[in-house]
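Enquirer:
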Amino acid sequence: MRTLIRLLAFLRPYRGRVILTALTAVGLMVCTVTLPYLTGRVIDDVLTGRQEDALTPIVIAVVVVGVVRFGLAFVRRYMAGWVSLAVEFDLRERMFGHLQRLSFAYFDRMPVGQLMSRATSDLQTVRFFLGYGLIFLFMHAFTLVLVSAILFWINPLLAALSLLIGPAMVAVAARSSRRSHPVLVDAQQKVGEMTQTAEESIVGVRVIKAFGQEDAQGERFAERSRAAFLRSMDANRLQAFYQPLMGFLPVLGLAVVLLVGGVLTIEGSMSLGEFVEFYLYLTLLMWPFRSIGMLVGNAQRAVASGQRIFEVLDATPDLDERPDARPLPAGGGHVRLEGVRFGYDPDRPVLDGFDLDIPAGRTIALIGATGSGKSTLTQLIPRYYDPQGGRVLLDGADVRDLRLDDLRRAVGMVSQEPFLFSATIRDNIAYGVPGAAEDAVLAAARLAQADPFIRALPEGYDTVVGERGYTLSGGQRQRLAIARAVVTDPRVLVLDEATASVDASTEREISDALRAVMAGRTTIIIAHRLSTIALADEIVLVDGGRPAARGTHDELYAMSALYREIHDQGLARPTDLVGREA
Amino acid sequence: MSTRPPGQGPASRVLGPAVERDPDDVRPNRVPRRVFRKLLPYFRPYAARTILTIALMVMVALTGLAGPALAQVAIDRGITAGDEAVLVAVVVVFVLAGLVGWLAGYWQSYLSGWVGERVLLDLRTKLFDHMMGLELGHHERQPTGRSVSRLTNDVEAVNMLVTDGATSLVVNGLTFLGAVGILLWYDWKLALAAFAIFPLLALGTGIFRVRSTRAYRHTRERVADVMSHLQENISGIRVVQGHGRQDQARREFIRVNRDYREANMETVRVSGVYFPGVELLAALGTALILYYGGNRVLDEDLTVGVMVAFIGYLGTFFDPIQQLSQLYNTFQSAVAALEKIFGVLETEPELTSAPGAPDLPPVAGAVRLEGVSFGYGREYVLHDVDLDIAAGETVALVGPTGAGKSTLAKLIARLYDPDEGRVLVDGHDLRMVSVPSLRAQLGIVPQEGHLFGGSIADNLRFARPGATDEDLRAALGMVGALEFVDSLPDGLDTDVQERGSRLSAGQRQLLSFARALVADPRLLILDEATSSIDLRSERRIEQALDTLLAGRTAIVIAHRLSTIRRADRIVVVEDGRVAEQGTHDDLMARGGRYAGLYSDWERAAA
Numbered sequence: 000m001r002t003l004i005r006l007l008a009f010l011r012p013y014r015g016r017v018i019l020t021a022l023t024a025v026g027l028m029v030c031t032v033t034l035p036y037l038t039g040r041v042i043d044d045v046l047t048g049r050q051e052d053a054l055t056p057i058v059i060a061v062v063v064v065g066v067v068r069f070g071l072a073f074v075r076r077y078m079a080g081w082v083s084l085a086v087e088f089d090l091r092e093r094m095f096g097h098l099q100r101l102s103f104a105y106f107d108r109m110p111v112g113q114l115m116s117r118a119t120s121d122l123q124t125v126r127f128f129l130g131y132g133l134i135f136l137f138m139h140a141f142t143l144v145l146v147s148a149i150l151f152w153i154n155p156l157l158a159a160l161s162l163l164i165g166p167a168m169v170a171v172a173a174r175s176s177r178r179s180h181p182v183l184v185d186a187q188q189k190v191g192e193m194t195q196t197a198e199e200s201i202v203g204v205r206v207i208k209a210f211g212q213e214d215a216q217g218e219r220f221a222e223r224s225r226a227a228f229l230r231s232m233d234a235n236r237l238q239a240f241y242q243p244l245m246g247f248l249p250v251l252g253l254a255v256v257l258l259v260g261g262v263l264t265i266e267g268s269m270s271l272g273e274f275v276e277f278y279l280y281l282t283l284l285m286w287p288f289r290s291i292g293m294l295v296g297n298a299q300r301a302v303a304s305g306q307r308i309f310e311v312l313d314a315t316p317d318l319d320e321r322p323d324a325r326p327l328p329a330g331g332g333h334v335r336l337e338g339v340r341f342g343y344d345p346d347r348p349v350l351d352g353f354d355l356d357i358p359a360g361r362t363i364a365l366i367g368a369t370g371s372g373k374s375t376l377t378q379l380i381p382r383y384y385d386p387q388g389g390r391v392l393l394d395g396a397d398v399r400d401l402r403l404d405d406l407r408r409a410v411g412m413v414s415q416e417p418f419l420f421s422a423t424i425r426d427n428i429a430y431g432v433p434g435a436a437e438d439a440v441l442a443a444a445r446l447a448q449a450d451p452f453i454r455a456l457p458e459g460y461d462t463v464v465g466e467r468g469y470t471l472s473g474g475q476r477q478r479l480a481i482a483r484a485v486v487t488d489p490r491v492l493v494l495d496e497a498t499a500s501v502d503a504s505t506e507r508e509i510s511d512a513l514r515a516v517m518a519g520r521t522t523i524i525i526a527h528r529l530s531t532i533a534l535a536d537e538i539v540l541v542d543g544g545r546p547a548a549r550g551t552h553d554e555l556y557a558m559s560a561l562y563r564e565i566h567d568q569g570l571a572r573p574t575d576l577v578g579r580e581a
Numbered sequence: 000m001s002t003r004p005p006g007q008g009p010a011s012r013v014l015g016p017a018v019e020r021d022p023d024d025v026r027p028n029r030v031p032r033r034v035f036r037k038l039l040p041y042f043r044p045y046a047a048r049t050i051l052t053i054a055l056m057v058m059v060a061l062t063g064l065a066g067p068a069l070a071q072v073a074i075d076r077g078i079t080a081g082d083e084a085v086l087v088a089v090v091v092v093f094v095l096a097g098l099v100g101w102l103a104g105y106w107q108s109y110l111s112g113w114v115g116e117r118v119l120l121d122l123r124t125k126l127f128d129h130m131m132g133l134e135l136g137h138h139e140r141q142p143t144g145r146s147v148s149r150l151t152n153d154v155e156a157v158n159m160l161v162t163d164g165a166t167s168l169v170v171n172g173l174t175f176l177g178a179v180g181i182l183l184w185y186d187w188k189l190a191l192a193a194f195a196i197f198p199l200l201a202l203g204t205g206i207f208r209v210r211s212t213r214a215y216r217h218t219r220e221r222v223a224d225v226m227s228h229l230q231e232n233i234s235g236i237r238v239v240q241g242h243g244r245q246d247q248a249r250r251e252f253i254r255v256n257r258d259y260r261e262a263n264m265e266t267v268r269v270s271g272v273y274f275p276g277v278e279l280l281a282a283l284g285t286a287l288i289l290y291y292g293g294n295r296v297l298d299e300d301l302t303v304g305v306m307v308a309f310i311g312y313l314g315t316f317f318d319p320i321q322q323l324s325q326l327y328n329t330f331q332s333a334v335a336a337l338e339k340i341f342g343v344l345e346t347e348p349e350l351t352s353a354p355g356a357p358d359l360p361p362v363a364g365a366v367r368l369e370g371v372s373f374g375y376g377r378e379y380v381l382h383d384v385d386l387d388i389a390a391g392e393t394v395a396l397v398g399p400t401g402a403g404k405s406t407l408a409k410l411i412a413r414l415y416d417p418d419e420g421r422v423l424v425d426g427h428d429l430r431m432v433s434v435p436s437l438r439a440q441l442g443i444v445p446q447e448g449h450l451f452g453g454s455i456a457d458n459l460r461f462a463r464p465g466a467t468d469e470d471l472r473a474a475l476g477m478v479g480a481l482e483f484v485d486s487l488p489d490g491l492d493t494d495v496q497e498r499g500s501r502l503s504a505g506q507r508q509l510l511s512f513a514r515a516l517v518a519d520p521r522l523l524i525l526d527e528a529t530s531s532i533d534l535r536s537e538r539r540i541e542q543a544l545d546t547l548l549a550g551r552t553a554i555v556i557a558h559r560l561s562t563i564r565r566a567d568r569i570v571v572v573e574d575g576r577v578a579e580q581g582t583h584d585d586l587m588a589r590g591g592r593y594a595g596l597y598s599d600w601e602r603a604a605a
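As given, the protein sequences belong to chains H and U, one line each in that order. Residue 581, in numbering that gives the first Met the number 0, is where the first sequence stops; the numbers in between run on with no holes. Residue 605, in numbering that gives the first Met the number 0, is where the second sequence stops; the numbers in between run on with no holes.
1) Does the structure place the stretch 201-211 of chain H close enough to the stretch 152-164 of chain U that three or more beta carbon pairs sit under 8 Å?
2) Relative to the alpha-carbon of residue 245(H), which residue among 289(H), 153(H) and 400(H) has its alpha-carbon at the smallest distance?
3) Tell me the DSSP secondary structure of residue 594(U) in three-state form.
4) Under 9 Å between C-beta atoms, does residue 215(H) make it to chain U?
5) Is residue 99(H) near the ligand FAD - that is, is its Cβ less than 8 Å away from at least one heavy atom of it?
6) If you pair each beta-carbon of the stretch 247-261 of chain U with each one of the stretch 228-239 of chain U, do three or more pairs fall below 8 Å?
7) Looking at chain U, is there any beta carbon in it that lies within less than 9 Å of the beta carbon of residue 380(H)?
8) For residue 517(H), is the classification buried or exposed, using 16 other Cβ atoms within 10 angstroms of its Cβ as the cut-off for buried?
9) For residue 298(H) versus residue 143(H), is the C-beta spacing smaller than 9 Å?
10) Starting from residue 553(U), follow its DSSP beta bridges and name the residues at the other end.
11) Run through chain C and tell me which residues come within less than 9 Å of residue 475(H), C-beta to C-beta.
12) With distances taken between CB atoms, is the gap from residue 109(U) to residue 154(H) smaller than 9 Å?
13) For the structure I just gave you, are there three or more beta carbon pairs, one from the stretch 366-378 of chain U and one from the stretch 398-418 of chain U, closer than 8 Å?
14) Taking residue 45(U) and residue 114(U) to be in contact with their CB atoms under 8 Å, please state how far apart those CB atoms are, rounded to whole angstroms.
15) What are the boundary residues of the beta strand (DSSP E) that residue 367(U) is part of?
16) How would you label residue 11(H), buried or exposed, when you count the other beta carbons within 10 angstroms and need 16 or more for buried?
17) Buried or exposed: which applies to residue 606(U), given that a residue is buried once 16 or more other Cβ atoms fall within 10 Å of its Cβ?
18) My guess is that residue 100(U) and residue 62(U) are in contact by the Cβ rule of under 8 Å, so how many angstroms apart are they, rounded?
19) Of the choices 321(U), 36(U), 190(U) and 265(U), whose alpha-carbon is the least far from that of residue 216(U)?
20) So, at 6 Å on beta carbons, what are the nonlocal neighbours of residue 223(H) in its own chain, with the 5 sequence-adjacent residues on each side left out?
21) Under three-state DSSP, which class holds residue 212(H)?
22) Give me whichever residues DSSP pairs with residue 353(H) in a beta bridge.
23) Near residue 562(H), which residues of its chain fall below 7 Å by C-beta distance, leaving aside the five closest residues on each side in sequence?
24) Once the 5 residues before and after residue 609(U) are set aside, which same chain residues still bring their CB inside 7 Å of it?
25) Kindly identify the DSSP beta-bridge partner or partners of residue 546(H).
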């Protein structure tokens, strides 16, 4: 109920239009109801009563009512459509805006698919209910009351008898909606699974072919398709049962009218015109009876969808800027971690009492096993996450006291698999500084050694990349990401496995790019490759959520058994090979 | 005359699942008959059911038409004549017709759903099998989304037509024709008077069809924009927030959201005029019948019952026309979808074994390339390559990116056929043996480590469904992944999808290594990843490699020097040719390409 009230609140800005829709709907129904009445008048007054002069005025009235109804129906449809689209616009905009404010931790928990389905199918359900469902519910209820009243007025006995099927229809419709819905959802789910199998088979076609598993995979897909088929047959059976049943029930009502009404007319207690009117009125009621049952089902679904939407809207951004946040203090990018404790699950800290001081302008490399917390550590600096204990300082200020925009612009991040938007290369590079000057983009691209390959592309800086654009190689994407990171001229640069997915010759090009962009900034490098690590002034060995050792290569080699182990068993190290063979 | 329930109009179809814009979306061709003739064979296995379904559709339409006619008999012969017996008889027939309609409706609805879905199941399965049979090159040219869309959206579009559309076409068509026939039979003069509104209706429907098709297409495109914008911003939210671009992103979103809303308003306007317009015509029709029919009744040239029946039938032919005009959109997209589907089905696989090609006998694994040239497009990537690899030998392919190493490997796996020359395994030309028998003896470990939905065990068993858990554990142990798999809550049964994003790239690679080990191929092709396995795991992989390569022919596209050093022979590929080959020491001593590449690496690591 609370959800329903909250959903209704979305209509508040459009109160005037909603009321107008309701009023036109009332007028519309009155017009519709007038038509059988006029038909009855023709039969009774003109045909039976022989008032021949009355025919023309009544026919004109029919035309006038038809025209008025046209106008009202247009206004009603237009308004309902307008409101429905406005609500959809608002809801989606609210959701999008809210998502922009939620923290990284939220997106770690919520899969993209989940959020998408809430922003699309749930939103549709709500919009149809608020925009159309409510008004139909109102229209049908109004029709029911109005027409029933007329029927009782014409003949109470016949009305009572023929309306007996009403509750039956509502009940059957509601039951059908309730029973089919879970089956339909499940059938949809099965279709989703089939789609997923199709998708991964196409994406993984190399693997399938490599192992000669085309037939087996075909069987797998056929199995999924069959499951979807069987489930939709269940839905089909339900629909096949209920739809014709709902077509049959009105027949019973009309049969009552034909039989009882006919007898009454023969006996003279009802006129022929009234009989025909009654018959026509009853046909007017069939649709409302049927719809009300379905609309009740829709309302339930809209509430369920509403809950899922509010779940997103109610998620509080747990990482908000302080009201008194201050701008970035002057400095060269001095990073300091003091006793930092952090875990994605607070009970299982990844970092536990981490202390680290990186002087401004220094380049350090973090090394350690996968999962030792190296990446996590760097994500605390631009406040992608807040630590659960201790603090992170940038140029002497606790990052939680700083303006979020300033802070994030001051920290450039380049990750292993950089995400590029479906936009031009220029826009992707200028992402952090919308409307950046052409010079700045070019400078960043040159610094990242991306300029030559960009120029070689058919449309140069205007080439569209990303999911729906030109496919770049790993090394090219990497260099674009580096250009994007440096265009804001950050004080701190984090290179998280930035060279992992490129081969040795490309790596050399990137290393040159890195050396150029690192100049004058504090840089944190995470890498497995010693050649990349060699770019650093100092190495910090991370183990068990803490810094285990720190120093230059020589110092660490002498000091730390763990470092020696990693170093000696490490790969991609032509140097030691040469050393041995020399 | 009825108000359509929410979510059943064409709007819900437009706003259903996200519709990707498809570059293949062409205007359907003018003669769709050809396309449907191709679909016909798919109905053949279910011919009996199909015919029964159509018969039932006719019954449904007929019982639907009976109502007003029976009412007419009740009024004229029963009520006006004062004959209660006739009245009772009519009511009994009326209820019986309803019952028959109910039963026929049940079976018709069930059967048409069954036949439609069944045909599409067959079509879809066949399409999938065909796609799997197409050579890799086809898949590399086609964006993933497009192929998936053939299997899903396009088949779904045909579904709309085959199940709902066909029923609607037959039932509504018959109802319309039936109503016209009955009215003419009743009284052709009054019928012609009532049909006076037809030209207007036809004109309006024609205009509506054109404008709504355009409006809906426009809306679909805008919806696709909204969806892709959402998708991209949610997937890339970390980048958005990391760059403080939230406000900008929000402004852009408002823009696409508004564009969509405006596009959709056009559909509201178009149907806002059309549907009430049809009702207005119905009212005009009623007025015509009342006026002309009323006068005729007064002249005692017509009975009241017939006039009432006319008014009753008026509804039964407006409804079908509205339904049929909506069907047109369904029809159009189904034709377009079918053309695309048959487009794929008619793509001949370029890579087929000779019919009745014998199986490749168990091989020792000697590979031989003779004068092989190959190109993906017009230009050759490989030029006249000769290469001999002895059974059991480990060969490392090295060279700059784009030199043709991967292509060479793909030809050996027969993912492509050479344009010139031939590829032999143990003396058998690959084109002369059946593909499955070759692949069964061949393992490829690709770089990306693609995993399929399902458990880790399912993935490891991919190439050898009969492998026991012990086999799997042994393989995991060899690549050093056992520890991490055991640490997962469900061990081998852990679903890779659920934890999908949590499995690191390194872990995926380890699993794909283990998958190749389980397959136990005679001939192994390893596209060595350059990547992100941490140093200790790499050490384990190196050891695993010793086990993996022992006793089989191995072709490694190498990036690690340790692998290169371990190889029996190094083949340097440059510009699509074998530039030089030999052991590390030989090549270093020769001071050629390899020595040059090597010094590059050296410098990179310095």
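Just so you know, even glycine gets a beta-carbon here, dropped at the ideal spot from N, CA and C. These numbers were taken from a predicted model, which means no experiment stands behind them.
Expert: In brief:
1) no
2) 289(H)
3) Three-state DSSP puts residue 594(U) in a helix.
4) For residue 215(H), the answer is yes, since a Cβ of chain U falls inside 9 Å of its Cβ.
5) The model depicted lacks the ligand FAD and carries no ligand whatsoever.
6) At 8 Å Cβ cutoff, the stretches touch.
7) no
8) Classification for residue 517(H): buried.
9) no
10) Beta-bridge partners of residue 553(U) (DSSP): 393(U) and 523(U).
11) In the structure shown, chain C cannot be found, because the protein chains are H and U.
12) For residue 109(U) and residue 154(H), no; Cβs fall outside 9 Å.
13) yes
14) So it is a contact: roughly 5 Å between Cβ atoms.
15) 366-373
16) Classification for residue 11(H): exposed.
17) The structure shown does not extend to residue 606(U), since chain U is modelled only from 0 to 605, so the question has no answer here.
18) Yes, they are in contact, since the Cβ atoms of residue 100(U) and residue 62(U) sit about 3 Å apart, within 8 Å.
19) 265(U)
20) 192, 193 and 196
21) Three-state DSSP puts residue 212(H) in coil, outside helix and strand.
22) 339(H)
23) 540, 548, 555 and 556
24) Nothing can be reported for residue 609(U), as the shown portion of chain U is limited to 0 through 605.
25) 541(H), per the DSSP bridge assignment.
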